[in-house]
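To keep things clear, I will list the structure first and then write my remarks on it.
Protein chains: 2
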Amino acid sequence: MTFRLAFLIDPIPADDPRTDFAGTISPIDPDAPALSVSDLSSNRGDGIFESIAVVDGHPQETGAHLQRLAHSARLSDLPEPHTAQLRAAVEAAAAQCPPGECTIRLLLSRGVQHGGPGQGIHGPTIWLTAAQAPDNTAARENGIKVVTLDRGYDSGAAARAPWLLLGAKTLSYAVNMAALREARRRGADDAIFVTSDGYVLEAPTATLILRRGDTFLTPEPTGGLLQGTTQLSAFDWLEENGHPTGYEHIPTAALYDADAAWLVSSTRLAAALTHVDGRELPVDRDLTAALNAYLLSPRD
Amino acid sequence: MTFRLAFLIDPIPADDPRTDFAGTISPIDPDAPALSVSDLSSNRGDGIFESIAVVDGHPQETGAHLQRLAHSARLSDLPEPHTAQLRAAVEAAAAQCPPGECTIRLLLSRGVQHGGPGQGIHGPTIWLTAAQAPDNTAARENGIKVVTLDRGYDSGAAARAPWLLLGAKTLSYAVNMAALREARRRGADDAIFVTSDGYVLEAPTATLILRRGDTFLTPEPTGGLLQGTTQLSAFDWLEENGHPTGYEHIPTAALYDADAAWLVSSTRLAAALTHVDGRELPVDRDLTAALNAYLLSPRD
Chain A
205 MTFRLAFLID PIPADDPRTD FAGTISPIDP DAPALSVSDL SSNRGDGIFE
255 SIAVVDGHPQ ETGAHLQRLA HSARLSDLPE PHTAQLRAAV EAAAAQCPPG
305 ECTIRLLLSR GVQHGGPGQG IHGPTIWLTA AQAPDNTAAR ENGIKVVTLD
355 RGYDSGAAAR APWLLLGAKT LSYAVNMAAL REARRRGADD AIFVTSDGYV
405 LEAPTATLIL RRGDTFLTPE PTGGLLQGTT QLSAFDWLEE NGHPTGYEHI
455 PTAALYDADA AWLVSSTRLA AALTHVDGRE LPVDRDLTAA LNAYLLSPRD
Chain B
205 MTFRLAFLID PIPADDPRTD FAGTISPIDP DAPALSVSDL SSNRGDGIFE
255 SIAVVDGHPQ ETGAHLQRLA HSARLSDLPE PHTAQLRAAV EAAAAQCPPG
305 ECTIRLLLSR GVQHGGPGQG IHGPTIWLTA AQAPDNTAAR ENGIKVVTLD
355 RGYDSGAAAR APWLLLGAKT LSYAVNMAAL REARRRGADD AIFVTSDGYV
405 LEAPTATLIL RRGDTFLTPE PTGGLLQGTT QLSAFDWLEE NGHPTGYEHI
455 PTAALYDADA AWLVSSTRLA AALTHVDGRE LPVDRDLTAA LNAYLLSPRD
């Protein structure tokens, strides 16, 4: 039986001055009924989330994740979350995690809509789950095969149409899940979304880093994709180790010609790309191992 | 206190031969905890739905809605629903609705994922809610103002990239909800999505019909938008009344020059457009009233 837990979190205003949140964080059975069928998360994917890795009881990059959650809330017209309260919930969950790796998911839905469209919304609804992470050793050590998939949007869509919520990590992930199924149908492990005008975006649940000579690049996070928390950490480590890093608009063709590439995410960490659309990429096993060792060290 | 109810529906295989479904449909409190926090509907908007109007106890166009649900399931790699079981649930809910108008929502999620990504999924989860409909008299009689909003996709996206799930009615509706908020910020009642290359699609929760001379047109349902069940009924009625109907790729500019236009949907029914992006459109109050009278009559 693997470890799991869940908390329901009573929403409090972002400016609530209290510093003890114990009374607002309630353990619940992760398998028991907990959300009403009128919650807008389950009805419309109307909410936001973060996935936070826990390594030996330490939640990784909590600050960056809570910052991104607040950013997603602003983009989605959701109430600003109470960062200290959510941090307390994350820390309480992490403290219960067994040694090794776990994943905490923090979710905020717009709330419960009684009586259908046009009626009042009571919200938000906030909850957290924690579970032992799957074993990602194979992806970290041997790398993964990816295929590129058209995200349908051109490079200008995010700036032109903020209602597309392209920089927000929303609960509306049906397309991300469909892309992963399509990748598996094509014999790959993961997908990389590209724009309809031929630029690289991100994976459905990970950020791309590629190497060109000694420089490490990730697609411009302005518009169209999420700023990756693990990618930010990876860039810190790369810079410390003397590797220049940068953000660029990266044409899809540049991915095929990369000197190496990785998908990085909070749970799987760094997975080297062995193949992109069936073309082999060079793999640097030593650098990947060193990067993953860093990503497994405690970081705030 | 307005009327509401909810049912949890035990999933059975699509080819299950039974004809009595009473034991598989359980009334639940629509406000009580019912779904676990591990359900993929609330975690990833990973599921599909239909909204069915009930008029004086009669569920409207149930067959067309169940057909579209099955279509959405196929596009989303979800198990085929048992149509007769879901019809029985819809009829049982409709029979409890008070006189007047109600809305039934039928939802199917991929199920519950224990232990996070990569672990097994137990599903699907199926539920239904019914609630008294809001009063839509003003929209039906006086019409609505709309703004056009870029959906970010070009006309070819749906055919090129089926993983975008553009013809499926999924639970990932965060963008649809954000578009409605943007419309209200601009002083309008609703939005009409257009492609990035300038063609009309649909509203976030309704289908467009426009009139050019004596012909009634709706955007081609191939790719990029849902086939509207209410629009199909409206076309039947228009044809019976001697008005030719058709499907076309409609440039956004043609919307401004329309001789009249409506958004049609299962609950609000036909709402004439009085303004598109601030430009006035001709309104035919008599035709709108006659169409709504038809849409309020019992239809299967």
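Protein chains in written order, with our numbering: chain A, 205 to 504; chain B, 205 to 504. C-beta: ideal position from N, C-alpha, C; glycine also.
Problem set entry | alpha helix (DSSP H) segment containing B:Trp466, residue limits | For B:Trp466, no alpha helix (DSSP H) segment is defined; the enclosing uninterrupted segment is the beta strand (DSSP E) at 464–469.
6 Å Cβ shell around B:Ile232 - same chain, five flanking residues per side excluded:
Cβ neighbours of B:Ile232 within its own chain (closer than 6 Å, five residues either side excluded): Ala210, Leu212, Ala238.
- By Cβ distance, which residues of its chain are closer than 6 Å to B:Thr492, with the 5 residues on each side in sequence left out? Excluding positions up to five away in sequence, the list reads Ala474, Ala476.
- Query: If you run the structure through DSSP and keep just helix, strand and coil, what is A:Pro455?
  - Reply: Correct three-state label for A:Pro455: strand.
Would you check if the distance between the CB atom of A:Thr352 and the CB atom of A:Thr478 is smaller than 8 Å? No; because the gap between Cβ atoms is not below 8 Å, this pair is not in contact.
TODO: Please decide whether B:Tyr377 counts as near chain A, where near means a Cβ-Cβ distance under 8 Å.
DONE: Judged by the 8 Å Cβ criterion, B:Tyr377 is in contact with chain A.
Is A:Arg385 close to chain B, meaning its C-beta is less than 8 Å from at least one C-beta of that chain? Residue-level contact check: A:Arg385 touches chain B, since one or more beta carbons of chain B fall below 8 Å from its beta carbon.
Can you say whether B:Gly249 is buried or exposed, counting buried as having 16 or more other CB atoms within 10 angstroms of its CB? Around the beta carbon of B:Gly249, 16 or more other beta carbons lie within 10 angstroms, which makes this residue buried.
Practice task
Anything in chain B within Cβ reach of A:Tyr357, meaning under 7 Å, just list it in chain order.
Solution key: Proximity of chain B to A:Tyr357 at the Cβ level (cut-off 7 Å) is accounted for by Gly356, Tyr357, in chain order.
* A:Arg309: buried (16+ other C-beta within 10 angstroms of its C-beta) or exposed? -> It counts as buried.
| Hey, is A:Pro579's beta-carbon within less than 8 Å of any beta-carbon in chain B? | Nothing about residue 579 of chain A can be read from this structure; chain A reaches only from 205 to 504.
Start-to-end residues for the alpha helix (DSSP H) that takes in B:Ala292:
It spans 287–300 - the alpha helix (DSSP H) in which B:Ala292 sits, taken as one unbroken run.
Suppose you measure from the CA of A:Val398 to the CA of B:Arg390; what does that come to, to the nearest Å? Rounded to the nearest angstrom, the two C-alpha atoms are 31 Å apart.
* Hey, could you find the ends of the alpha helix (DSSP H) A:Val379 is sitting in? => Element bounds for A:Val379: 378–389.
message: Can you confirm whether A:Ser245, when its beta carbon is compared against all beta carbons of chain B, has any partner nearer than 8 Å?
response: Judged by the 8 Å Cβ criterion, A:Ser245 is in contact with chain B.
At 7 Å on the CB atoms, spell out the chain A contacts of B:Pro263, in chain order. Those do not exist, as B:Pro263 stays about 15 Å from chain A at its closest Cβ, beyond 7 Å.
- For A:Thr434, does the count of other Cβ atoms within 10 angstroms reach 16, so buried, or fall short, so exposed? Buried.
Original post:
Under 8 Å between the Cβ atoms of B:His269 and B:Ile252?
Top reply: No, the Cβ-Cβ distance between B:His269 and B:Ile252 is not below 8 Å.
> Residues of chain A with a CB under 8 Å from the CB of B:Ala392: which are they?
Replying inline: Taking a Cβ-Cβ cut-off of 8 Å, B:Ala392 has no neighbours in chain A, whose nearest Cβ is about 13 Å from it.
- Query: Mapping DSSP to helix, strand and coil, what is B:Ala410?
  - Reply: In the structure shown, B:Ala410 falls within a strand segment according to DSSP collapsed to helix, strand and coil.
- Endpoints, alpha helix (DSSP H) assigned at A:Leu270: Note, A:Leu270: alpha helix (DSSP H), 266–279.
Q.
Here's the rule: buried if 16 or more other CB atoms are within 10 angstroms of the residue's CB, otherwise exposed. What is B:Arg415?
A. Counting of Cβ neighbours within 10 angstroms places B:Arg415 among the buried residues, the total reaching 16 or more.
* To do: For B:Gly482, name the three-state secondary structure that DSSP assigns.
  => Here B:Gly482 sits in coil by DSSP.
request  = Note the first and the last residue of the continuous beta strand (DSSP E) segment covering A:Ala257.
outcome  = First-last of the beta strand (DSSP E) with A:Ala257: 251–259.
#### Entry: Own chain, CB closer than 6 Å to A:Glu452, minus 5 neighbours either side, in chain order
By the criterion of a C-beta distance shorter than 6 Å, A:Glu452 is surrounded in its chain by Leu421, once the five residues flanking it on both sides are discounted.
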